[in-house]
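*Asks:* Residue numbers (full-length UniProt numbering): 1 to 988.
Where is the CB? At the ideal position from N, CA and C, for every residue including glycine.
1) When the distance is taken between beta carbons, is residue 166 closer than 8 angstroms to residue 150?
2) Using beta-carbon positions only, say whether residue 689 and residue 7 come within less than 8 angstroms of one another.
3) Would residue 833 be called buried (16 or more neighbouring beta carbons within 10 Å of its own) or exposed?
4) Please classify residue 797: does DSSP put it in a helix, a strand, or coil?
5) CB residue 625 to CB residue 555, shorter than 8 angstroms?
6) Please classify residue 567 as buried or exposed, where buried requires at least 16 neighbouring CB atoms within 10 angstroms.
7) Have a look at 220, 332 and 405 and flag the residue whose alpha-carbon is nearest the alpha-carbon of residue 300.
8) With burial defined as no fewer than 16 other Cβ atoms inside 10 Å of the residue's Cβ, what is the status of residue 408: buried or exposed?
9) Using the rule of at least 16 other Cβ atoms within 10 Å of the residue's Cβ for burial, across every protein chain shown, is residue 449 buried or exposed?
10) Taking the alpha carbon of residue 61 as the point to measure from, which residue in 72, 561 and 79 has its own alpha carbon closest?
11) Going by DSSP in three states, residue 851 sits in which element: helix, strand or coil?
12) Based on Cα-Cα distance, which residue from 918, 172, 837 and 39 lies nearest to residue 876?
13) Could you check if residue 239 is buried or exposed, using at least 16 other CB atoms within 10 Å of its CB as the buried criterion?
14) Alpha carbon to alpha carbon, how far is residue 168 from residue 378? Give it in angstroms, no decimals.
15) I'd like the list of long-range same chain contacts for residue 325, defined as Cβ closer than 8 angstroms, with 5 residues on each side in sequence excluded.
16) Helix, strand or coil: which one does DSSP assign to residue 16?
17) Taking contact to mean 3 or more Cβ pairs, one atom from each stretch, closer than 8 angstroms, check whether the stretch 794–801 and the stretch 855–872 are in contact.
18) Report buried or exposed for residue 940, applying the criterion of at least 16 other Cβ atoms within 10 angstroms of its Cβ.
19) Out of 460, 475 and 452, point me to the one whose CA is closest to residue 484's CA.
20) Given a cut-off of 8 angstroms on the beta-carbon distance, is the pair residue 235 and residue 304 in contact?
21) So, do the stretch 664–676 and the stretch 701–714 have three or more beta carbon pairs nearer to each other than 8 angstroms?
22) Below 8 angstroms between beta carbons: does that hold for residue 373 and residue 789?
23) Let me know if residue 819 comes out buried or exposed under the rule of 16 or more other beta-carbons within 10 Å of its beta-carbon.
24) Cα-Cα, which of 154, 22 and 676 is closest to residue 113?
25) Using only the alpha-carbon positions, how far apart do residue 33 and residue 27 sit?
26) Ordered along the chain, which non-local residues of its own chain (more than five positions away) have a Cβ less than 7 angstroms from that of residue 257?
27) Looking only at its chain, what residues have a beta carbon closer than 6 angstroms to the beta carbon of residue 68, apart from the 5 residues adjacent to it on each side?
28) Rounded to whole angstroms, what is the Cα-Cα separation between residue 1011 and residue 480?
29) Restricting to runs no shorter than 3 residues, where is the beta strand (DSSP E) found entirely within the UniProt repeat "WD" (141–186)?
30) Where residue 370 and residue 314 are concerned, what is the direct C-alpha to C-alpha distance, given to the nearest angstrom?
31) Less than 8 angstroms separating the beta-carbons of residue 5 and residue 729?
32) Buried or exposed: residue 1039, going by 16 or more other Cβ atoms within 10 Å of its Cβ?
33) With a threshold of 16 other CB atoms inside 10 Å of the CB of residue 319, please say whether the residue is buried or exposed.
34) How far does the beta strand (DSSP E) with residue 510 in it reach, from first residue to last?
35) Is residue 726 buried or exposed, if buried means 16 or more other CB atoms sit within 10 Å of its CB?
36) Quick one: what does DSSP say residue 192 is sitting in, helix, strand or coil?
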């Protein structure tokens, strides 16, 4: 019988305020901020500085790389490093929709105006348009040659625009017509990579004209882009020109007859020439460059909802605020400039070149008004949503800017203040919940209730049960730490060779001892708990005893007294005592481990075998084994009786940074730079299990006294607590699971590689057979087509396809069984257990297939259907006929039928078996869809009636007098004739 082990699972993740791989985003009310927290998204209350929610999917282990708020603020799109997209509900902190269309990290999002469509861009250079209502992918757009960095929808009912603008690291800005699914214009936006994009309905006037008309403003948009060279470029977009791209030309008369009317021919040619001229017109023109204080690469550009302020952020600590002037402000500015130019002209001091220059420049339209300086490098910013419109007030509305820093901090600033001395103000710094740098040391108290973590310039105290940070204390660069017996004090060793003692009652440092001349790499409390041993890069091992000294005020405090020193020839990297106190092991820089007698410090053993230095080691509780982890990626298990190597394990794919025994066992826990934490059975020399949670190198481990918890600290600034569960497993099961995951990943990778034409200039088999490019996804030259299928093959879609095949097999068995029972007129046999579990034993067998199809995630249905062989496709068509005849779920039936006909058009057309079924479906589907349409229309009408009834019975009206002209207020006139009434409805 195989040996059973208990599984460890992650219980908590501590220390992450925000991770630096994704942008920060405000909630719709501006009170909360949604930030990436490694594989989760965290919701912070910016007023209280508290974490109120964590959006966590247990099936996901990839980092969050992109976040975007929907127009109504109820949904948030979150993109991950594995290319998946999840839609999270803000109120319930839950997700029901997952899109899988990208192969690599999602880098850009954009919602349409009504929130029904979502555009996503990725590092795989593809754009995918998703339907958020039906939870399906619409199509994929290809054209960029590098990572997509910005997306915006361009929608205008007046001009019939339904377009998308995208920018990429390939220096290009592309405009896509979503109706025809083609790129209509490409512009080289910057000399280098384009990193940011913003679009808004600006009040920017054309510098060539004196003032922009209302019609010009309606048909124009302002685009702002930022590049790697530090430039911020403003573009003017003409919606009328954009809408006329790819307009169809009516030339039906040409070629229809041998006798062509010359006048008609000339008219058609004129139309063609006019259409060609419209197509060649550029819809976007450069409008100028904004002046910047910083010269660093632009990362984020945001416009406030009032369209009065623009914020630009680079890779440094500065975020610059620009003011977008209104038409009236521009006219006043222009009048002042004209007056100044007249004076200069009269004095004859003006050059001819200056006289020809336009009065209004981009610096006048969008001037820089202030700058925000943060405490660290800024990763991303977001501006608070507007609570009132700028058009209804003359006061300058201040707004908040939330900044996500690369140092695991969040800062909130207020901008748009009236004060010239202080145009911006810092409101909040959220940093107490995590370290600024990677975590280098961890230590657990003897009761496993308190944890201390050390980083670059501070140590933090954590409560294991509540998962809260108790205190933050300033310190040196902590490399090692330990609790003093009694759990009232903590001693840490620093990079400068200091021993710092902290009192946990007052959360203060009580003494700082210069113990060594080099970095203090390791320390351990003596087995008799009377002192500690330290090892340093100054080639010394020192022994310290705990002592009490009396302060001048009469109080006593803890101190350390140096009692003896062991001098060695190499730098000391790690020191460990055996639990019986007889032996002392010291790892040196020469890749060896020296074992000494602890009482006399006489040499006992030399453990030689590692090719690189031993970075960590530990001695088992029974004193028989010592495990050493080295930079050569191996863990060696030695016997302490003769110093023989029992086994050398290839433990990690990079340096082994931490090795710990579980007390009372021969189970070993290791952590390495490959981001993994692994458990080993040292008696069998086998790996028990491994966990993937960290997104950076694992620097430190701390194991509870009896192995109930394991704590790991990483370069990603997170502290993860792994708890032992009651779930049992065998090593063979774990190996099978790992092999299945490896095979699935390899299968998907091979499928992506093989789904391409062999050789350049060779068409794919799919195109030779006449399959549409949207199915084959390839162009005639073997390159990817401009338009493709939105979804992609994943392990989930493969599993869903297998479920459909299994359901169809069960349906066939049940059909045969019922036919045999009817012919024999015998007692019917029991139904299949799966059918009974679905409570469909009294329904036709085809109902079970529909039940399985309905259970498949909407975004995975198309890829799951592609898994079916053509023989199963024919069977599914017959099952579809039953669904339509019975009126079961017309939406799913028509969707499945459409995808089958699109994917297997040639095979179905050439098959005689499908013809009768298709003719019946052709007669039944239109009527079923009309019925579905009528039902939806009736429900919409009923909902509209209910809303009108609610508004009529739950609102009151009152009259408010507002001024029609503001000039009378300025002149001091109180003429009531210039006033009008406004009706305001207030809900009860």
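*Replies:* Result, derived from the coordinates:
1) yes
2) yes
3) exposed
4) helix
5) no
6) exposed
7) 405
8) buried
9) exposed
10) 79
11) helix
12) 918
13) buried
14) 21 angstroms
15) 203, 333, 364, 365, 366 and 367
16) coil
17) yes
18) exposed
19) 452
20) no
21) yes
22) no
23) exposed
24) 154
25) 6 angstroms
26) Residue placement at residue 257 is poorly supported in this model, since its pLDDT is 43, which falls under 50; the coordinates are not used for a value here.
27) 77 and 109
28) This structure gives no information on residue 1011, because the portion of the chain shown stretches from 1 to 988.
29) 148–156, 161–168 and 172–177
30) 15 angstroms
31) yes
32) An answer regarding residue 1039 cannot be provided, because it is not within the stretch 1 to 988 covered by the chain.
33) buried
34) 508–514
35) exposed
36) coil
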